């Protein structure tokens, strides 16, 4: 099944303020794309817009074979969510109703989508190393963080969704569990031929699972490309800063250089010019006058100059 | 099981403490019924000796005995479920009067609380869902205003409006003894309900505002929970999401429900007085007026027991509806 996702000129607002502005991105069918950025960069808002959630002011989110999520009415959205596209929350967030067992909520999901048979949950849970009977009879508070995350993935995929969105799936998990979950994501992705978007602030996670990466800052995608290329040869000063900020396993600690300044909040994002210029080491005059266009997968005036 | 046993032990200890307290408190009140009776008999022409022996016969105990002895006797009686004999209506066992009045108060309190709980919870959900509209603001303001008005004020207003201004409802009593006699049939039940409308409505009107506000804030906080967004993103049907919301939001209100049951039970004394309704509150009111010690103790004891039982029930109910509280058997 061919189910890539095309995001075109997407702007998502809270009130009047754009949390995501004029974003275009293609999630190729069968790939894992990593979306990295700091807190408040708009990455979660972008992820939610893939399910048609949020106030989409302009642009489109087109899922092949499903349609434009930004134009669907409530009923159509409800039918698509959970059935064609699955969403996995951050582990620290409680995505389960505390008063019902996992099995009962699974039945509610099935009923909502007119599906009678959810026995697919069993092999899926077993595949992730869980005992299905035990898990289905458990309440949320009886599951560990790693188990909850696997249950979340089960909920996202049990109705055979082909697009999987994971929002910070390993944040708040310990290193071992984090590695486990990433392993599971990789395997399940390959088994089912999914189109996966994984949102994270951890460049390490992207390096481990994603074949493509998009870097977000201030509601814009500032750079994207294949993971290998972007990590080995970052062109946007923000991407470079992110990668330089990662501490190395060997060598002196001060090799890691933190990015100076703080990311903009919704209210402080500059309306004109480059959103990154306040923290940019190679700022030019044009940066405060004009917003850089996305040219050759990177949006930076300085990169444009050197290319010319 | 152990949990319930613990509750029962604590409940009994509480009942003991309250009965002891009321025993002492009542005897500290000015006015002694035995003395009053004694003086009345002398005024009727008896000699002091005659009066003393006559009083001793009517009350079953020698007047002027030490308090600790009375206390021990009273406790001994309680242990045998004997609440003693009424001082005012001589020879009538307190238990008969108190348990005769209890069902009427339970009827008022239960129906009043359930009606106000239902109305308050439904309006609270509406107020939370529409909290930025005129409807939401209006409901919250009305809720806050009524929340601050004590039940007896509402009772007086309702009584003035519906028994004087418009004579829609009877102004007193629990049923019309001239027209119906007690029994399990339509006319009697109808007449009882007809008499209970105003007092029950006083409870309901006075307390629904509290439920409204509590439910509103509870719904608003659950609305922000991640699991509801998760349910939406999984494409759950709207009525299922509403069920998730309602069940989670109503949970914290059950504890308050039990506590309010006790409070309203205690507050019934005003409502029953206003509507001349022969329940426990009315009985207590009359016995205080007559300095009927044993009747007062009995009524207090029953009210205490009702509050404690309500709290135990709430706790047991909580373990049934909230899996997080449920223990492994």
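Residue numbers (the numbering used here), protein chains in the order written: chain L, 1 to 308; chain E, 1001 to 1329. No residue lacks a Cβ here, since even glycine has one placed at the ideal position from N, Cα and C. This structure is a prediction, so every number in the text was calculated from the model and none was measured.
Beta-carbon proximity check, residue i vs residue j, cutoff 8 Å
i              : j              : result
residue 1302/E : residue 1280/E : yes
residue 1262/E : residue 1306/E : yes
residue 1235/E : residue 112/L  : yes
residue 36/L   : residue 303/L  : no
residue 141/L  : residue 1324/E : yes
residue 110/L  : residue 119/L  : no
residue 184/L  : residue 150/L  : yes
residue 47/L   : residue 159/L  : no
residue 309/L  : residue 278/L  : Outside the modelled stretch of chain L, which goes from 1 to 308, sits residue 309/L, for which no answer is possible.
residue 234/L  : residue 240/L  : yes
residue 1409/E : residue 1211/E : No answer is possible for residue 1409/E: the residues shown for chain E start at 1001 and end at 1329.
residue 1253/E : residue 1140/E : no
residue 31/L   : residue 288/L  : no
residue 99/L   : residue 136/L  : no
residue 166/L  : residue 192/L  : no
residue 5/L    : residue 221/L  : no
residue 1296/E : residue 1026/E : yes
residue 1292/E : residue 1086/E : yes
residue 284/L  : residue 163/L  : no
residue 53/L   : residue 1233/E : yes
residue 1078/E : residue 1094/E : no
residue 81/L   : residue 51/L   : yes
Interface residues of chain L facing residue i [CB-CB closer than 7 Å]
i              : result
residue 1270/E : By Cβ distance, chain L contributes nothing, its closest Cβ being about 38 Å from residue 1270/E, past 7 Å.
Neighbour list for residue i in chain L, Cβ cutoff strictly below 9 Å
i              : result
residue 1164/E : Those within 9 Å of residue 1164/E in chain L number zero; the least Cβ separation is about 48 Å.
Listed by chain order, chain A residues near residue i by CB distance under 8 Å
i              : result
residue 1108/E : Among the protein chains in the structure shown, which are L and E, there is no chain A.
Contacts of residue i in chain L (Cβ-Cβ under 8 Å)
i              : result
residue 1322/E : 99
Whole-angstrom C-beta distance between residue j and residue i, which should lie under 8 Å
i              : j              : result
residue 139/L  : residue 177/L  : Wrong, their Cβ atoms sit about 20 Å apart, outside the cutoff.
residue 49/L   : residue 10/L   : 6 Å
residue 245/L  : residue 257/L  : 6 Å
residue 1037/E : residue 1019/E : In fact, because the Cβ distance is near 24 Å, the residues do not count as touching under 8 Å.
residue 85/L   : residue 161/L  : 5 Å
residue 275/L  : residue 269/L  : 6 Å
residue 1172/E : residue 1277/E : 7 Å
residue 65/L   : residue 265/L  : Actually they are not in contact, since the Cβ atoms of residue 65/L and residue 265/L sit about 37 Å apart, beyond 8 Å.
residue 1270/E : residue 1151/E : 7 Å
residue 236/L  : residue 298/L  : 5 Å
residue 1304/E : residue 1015/E : 6 Å
residue 273/L  : residue 21/L   : With 8 Å as the limit, residue 273/L and residue 21/L do not qualify as a contact, their Cβ atoms being about 13 Å apart.
residue 88/L   : residue 153/L  : 6 Å
residue 1321/E : residue 1207/E : Incorrect: roughly 22 Å between the Cβ atoms, too far for contact.
residue 1300/E : residue 1022/E : 4 Å
Listed by chain order, chain E residues near residue i by CB distance under 9 Å
i            : result
residue 94/L : 1225, 1226, 1227 and 1230
residue 78/L : 1232, 1235, 1236, 1237 and 1238
Residues that residue i contacts on chain E, provided the C-beta gap is smaller than 8 Å
i            : result
residue 82/L : 1233, 1234, 1235 and 1236
Chain E contact residues for residue i, given Cβ-Cβ distances below 7 Å
i             : result
residue 108/L : 1236 and 1240
residue 87/L  : 1233
residue 53/L  : 1233
(request) Quick one: which residues of the region 152-170 of chain L get their C-beta closer than 7 Å to a C-beta of chain E? List them in chain order. (result) For the region 152-170 of chain L, residues whose beta-carbon sits nearer than 7 Å to a beta-carbon of chain E comprise 155.
(request) Could you please tell me which residues of the region 1012-1024 of chain E, in chain order, have their CB closer than 8 Å to any CB of chain L? (result) none
(request) Could you name the residues of the region 112-146 of chain L whose beta carbon sits closer than 7 Å to any beta carbon of chain E, in the order they occur along the chain? (result) For the region 112-146 of chain L, the set of residues with a beta-carbon nearer than 7 Å to any beta-carbon of chain E comprises 112, 113, 139 and 141, in chain order.
(request) Could you run through the region 1225-1238 of chain E and flag, in chain order, every residue whose CB is less than 9 Å away from some CB of chain L? (result) 1225, 1226, 1227, 1228, 1229, 1230, 1231, 1232, 1233, 1234, 1235, 1236, 1237 and 1238
(message) Is it the case that the region 66-84 of chain L contacts the region 119-132 of chain L, given that we only count it when at least three CB pairs across the two stretches are under 8 Å?
(response) Touching, no.
(request) Return the residues of the region 280-307 of chain L that lie within a Cβ-Cβ distance of less than 7 Å from chain E, sorted by chain order. (result) none
(request) Please confirm if the region 1224-1233 of chain E is in contact with the region 1148-1167 of chain E, defined as three or more CB-CB distances below 8 Å between the two stretches. (result) The region 1224-1233 of chain E is not in contact with the region 1148-1167 of chain E.
(message) Below 8 Å, how does it come out for the region 10-27 of chain L and the region 167-183 of chain L: are there three or more Cβ pairs, yes or no?
(response) no
(request) Give the residues from the region 1243-1256 of chain E that approach chain L closer than 7 Å (Cβ to any Cβ), ordered along the chain. (result) The region 1243-1256 of chain E vs chain L, Cβ under 7 Å: 1244, 1247 and 1248.
(request) Pair every Cβ in the region 1208-1228 of chain E with every Cβ in the region 1242-1252 of chain E, then say whether three or more of these pairs are closer than 8 Å. (result) With a cut-off of 8 Å, the region 1242-1252 of chain E and the region 1208-1228 of chain E count as touching, because enough Cβ pairs lie within range.
(message) Quick check: the region 1184-1203 of chain E against the region 1142-1158 of chain E, are at least 3 beta-carbon pairs closer than 8 Å?
(response) yes
(message) Contact between the region 1108-1118 of chain E and the region 1092-1099 of chain E is defined here as three or more beta-carbon pairs at a separation below 8 Å; is this criterion met?
(response) no
(request) Check whether the region 198-210 of chain L touches the region 166-175 of chain L, taking contact to mean three or more Cβ pairs, one atom from each stretch, closer than 8 Å. (result) yes
(message) Three Cβ pairs or more, each shorter than 8 Å: is that satisfied between the region 1122-1137 of chain E and the region 1282-1298 of chain E?
(response) no
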